[in-house]
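Remarks on the structure that follows.
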Amino acid sequence: MTRKVLLVDDDAAVRDALGQTLELAELEAITSGSFVVAKDHIAPEFPGVILSDIRMPGRDGFHLLEYVQKIDRELPVILLTGEGDIPMAVRAMGQGAFDFLEKPCAAADLLAVLDRALKTRALVLENRRLKRQLERGDPAARMLFGTSPQAEDLRARVRSVAPTGAEVLVVGPPGSGISKVAEVVHLMSSVARGPFVKRPAAGLGAEAFAGLCEQAAGGSLFLDEVSAMPEATQYAVQETLEQGAPARVIAGSTADLARRVEAGAFNADLFYRLDVMQIRIPALSERREDIPVLFRHYVAQAAEQAGIAAPEIGPGRLAVLMAQDWPGNARSLMSAAMRFVLGMPDEGAQAGALGLAEQMAQVERSLLIAALARQNGRAAAAAEALKLPRKTFFDKLTRYGIRPEDYRR
């Protein structure tokens with residue numbers, strides 16, 4: 075979920091106090107003393123929300139709200155009001171403000187409103203992302219990587235199942251990417267422009283399931299690890315499917331549901347209904363030739379997230395990766411790619427060739443780089459996050475030749 079908050083207030087003391095509150099809550103505060111400064115950050119895909127005072131000299135909170143509405147009507151704006159400004163704030167709500175808070179406001183109240191706004195914004199951006207993927211062509215080719223016959227069969231199966239509109243069961247070993255395959259099914263279906271709602275099935279009650287169906291109406295509802303769904307909810311799902319659910323139901327499972335049915339631990343009628351359209355994801359050990367393709371993709375992805383250049387991947391490293399069984403499948407390979415990008419030692423041959431001191435140095439260097447990347451190159455913030463004195467932190471940067479400016483985005 076996005077964690078950015080554009081904070082706009084002309085009172086420096088109030089701005090600093092609110093900024094500190096946001097940072098303590100692990101939110102990224104972008105502070106501005108006026109609309110003129112703030113507007114440079116306001117864009118259709120701004121990954122966060124706006125918190126603004128109403129009364130400001132020059133262009134006030136109403137002007138800011140009007141400007142945001144023209145740029146992106148789904149970008150939440152929360153207004154801060156003085157005691158006499160509440161009628162104005164109520165009027166602003168009618169004009170599209172997400173919420174308003176009276177100053178001074180308790181930190182808990184502020185963070186609760188921001189949490190709701192950030193979750194709303196995250197959902198908006200995720201749905202836009204899914205729609206863009208739909209518009210760009212074949213989601214199966216874009217999102218399901220691999221050149222092996224097994225990978226081709228997986229994409230073909232998704233393409234054949236997705237348009238049917240029937241319930242789908244996606245199965246595979248742990249870490250194989252069940253939720254991603256479910257998302258591709260949604261993107262290639264007739265309800266692709268509707269919402270895609272994901273929820274773990276463990277602990278899901280019948281009423282909560284009904285609520286999720288309404289939330290996903292006109293789209294798809296993905297229930298992960300359906301084998302862990304309570305028995306009463308299994309019957310509720312079966313009944314809903316028989317009557318016609320408002321959303322397409324896609325279930326995922328790493329467990330063998332057929333065996334659970336035989337043991338009386340899963341609703342047989344529900345299983346047979348889901349199993350008609352089953353998609354099986356092969357383990358990495360079944361398609362070793364896909365490991366280099368996936369690893370390169372994950373390395374590029376990890377480097378982008380860390381804000382650093384992707385390191386070169388030698389053929390020797392790929393050979394070592396292909397020789398492993400990867401019981402954690404794609405998830406484990408993704409973690410290995412992240413460690414590789416951050417310069418952390420492998421558990422295998424590379425780690426064995428280094429002494430303890432060298433391995434510890436690599437780990438320390440990777441932690442410093444990761445902290446800087448998370449803090450957008452702000453050295454003081456990274457030092458605080460690692461609970462290091464600033465002098466110690468800067469000494470370590472010098473020792474490893476790390477420059478904070480290389481990690482500013």
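Each residue of the sequence shown is one higher than the one before, counting from 75 in my numbering.
Think of the CB as a built atom: it goes at the ideal place given N, C-alpha and C, for glycine as much as any other residue.
Q) Is the region 227-243 touching the region 261-268 in the sense that three or more CB pairs, one from each, lie closer than 8 Å? A) yes
- Message: Determine whether the beta carbon atoms of Thr307 and Leu278 lie at a separation below 7 Å.
- Response: yes
Practice item. Evaluate Met408 with the Cβ neighbour count: other Cβ atoms within 10 Å of its Cβ, from every protein chain shown; 16 or more gives buried, anything less gives exposed. Key: buried
Review point. Does the count of Cβ pairs from the region 356-376 and the region 241-254 closer than 8 Å reach three?
Key: yes
Every unbroken beta strand (DSSP E) within the region 349-378, with a cutoff of 3 residues, ordered by chain: 352-354
Could you check if Ile443 is buried or exposed, using at least 16 other CB atoms within 10 Å of its CB as the buried criterion? buried
Practice prompt. Report yes if the CB atom of Pro131 is closer than 7 Å to the CB atom of Thr194, and no otherwise.
Written response: no
Assigned exposure category for Val271 - 16 Cβ within 10 Å defines buried:
buried
- Task: Could you tell me if Glu281 is buried or exposed, where buried requires 16 or more neighbouring beta carbons within 10 angstroms of its beta carbon?
- Result: exposed
Checklist entry - Can the beta-carbon of Pro478 be found less than 7 Å from the beta-carbon of Leu446? => result yes
**Request:** Run the CB neighbour count on Ile494, radius 10 Å, all protein chains shown included, and call it buried at 16 or more, exposed below.
**Result:** The displayed coordinates of the chain run from 75 to 483. Any statement about residue 494 would go beyond what the structure contains.
*Leaving aside the five residues before and after Asp183 along the sequence, list all residues of the same chain whose C-beta is less than 7 Å from its C-beta, in chain order.*
Leu175
Own chain, CB closer than 7 Å to Tyr372, minus 5 neighbours either side, in chain order: Leu407, Met408 and Ala411
Quick one: what's got a C-beta closer than 8 Å to Gly93's C-beta in the same chain, skipping five residues either side? Leu81, Ala103 and Thr105
Minimum C-alpha distance to Arg206 - residue among Glu119, Ala291 and Ala191 | Glu119
If you run the structure through DSSP and keep just helix, strand and coil, what is Thr221?
coil
- So, helix, strand or coil for Ala266, using DSSP? coil
Length at least 4, wholly inside the region 321-351: the alpha helix (DSSP H) runs in chain order: 331-336 and 342-349
Out of curiosity, what's the CA-to-CA distance linking Ala86 and Glu100? 21 Å
Residues sharing a beta bridge with Phe467, DSSP: DSSP lists no partner for Phe467.
Looking only at its chain, what residues have a beta carbon closer than 7 Å to the beta carbon of Leu331, apart from the 5 residues adjacent to it on each side?
Ser301, Phe340 and Phe345
#### Entry: Beta-carbon contacts of Arg361 that lie in its chain and below 7 Å, excluding the five residues immediately before and after
Gly220, Ser222, Gln224 and Ala225
Alpha carbon of Gly417 to alpha carbon of Arg391, nearest angstrom: 13 Å
Q. When you compare each of Gln169, Pro121, Met162 and Asp127 to Gln143 by their alpha carbons, which one comes out closest?
A. Gln169
- Express the C-alpha separation of Tyr481 and Gly451 in angstroms, rounding to a whole number. 5 Å
Margin query: Would you say the beta carbon of Met162 is closer than 6 Å to some non-hydrogen atom of the ligand ADP?
Written below: Among the ligands in the structure shown, none appear at all, so the ligand ADP cannot be discussed.
>> Considering Cα atoms alone, identify which of Val415, Arg322 and Val258 is closest to Ala284.
In response: Arg322
Report task. Would you kindly work out how many angstroms separate the C-alpha atoms of Glu336 and Ala171, rounded to a whole number? Result -> 54 Å
Short of 7 Å in beta carbon distance, which residues of its chain neighbour Gly251, apart from the five on each side in sequence? Order them along the chain. Ile355 and Ala404
Notebook entry, point to check: Glu241: buried (16+ other C-beta within 10 angstroms of its C-beta) or exposed?
Noted result: buried
With Ala374 and Ala384 assumed to form a contact (beta carbons below 8 Å), what rounded beta-carbon distance in angstroms separates them? 5 Å
Point to revise | 6 Å Cβ shell around Arg233 - same chain, five flanking residues per side excluded | key: Ala214
Under a three-way DSSP split, which group does Asp84 fall into?
coil
> Got a sec? Which residues, its chain only, sit under 8 Å from Ser327 by beta carbon, not counting five neighbours each side?
Replying inline: Leu243, Val244, Val245, Ile252, Glu299, Val300 and Ser301
- [ ] Round the Cβ separation of Arg347 and Leu295 to the nearest angstrom and send it over; I've been treating them as touching at under 8 Å.
- [x] At roughly 15 Å, the Cβ-Cβ gap does not stay under 8 Å, so Arg347 and Leu295 are not in contact.
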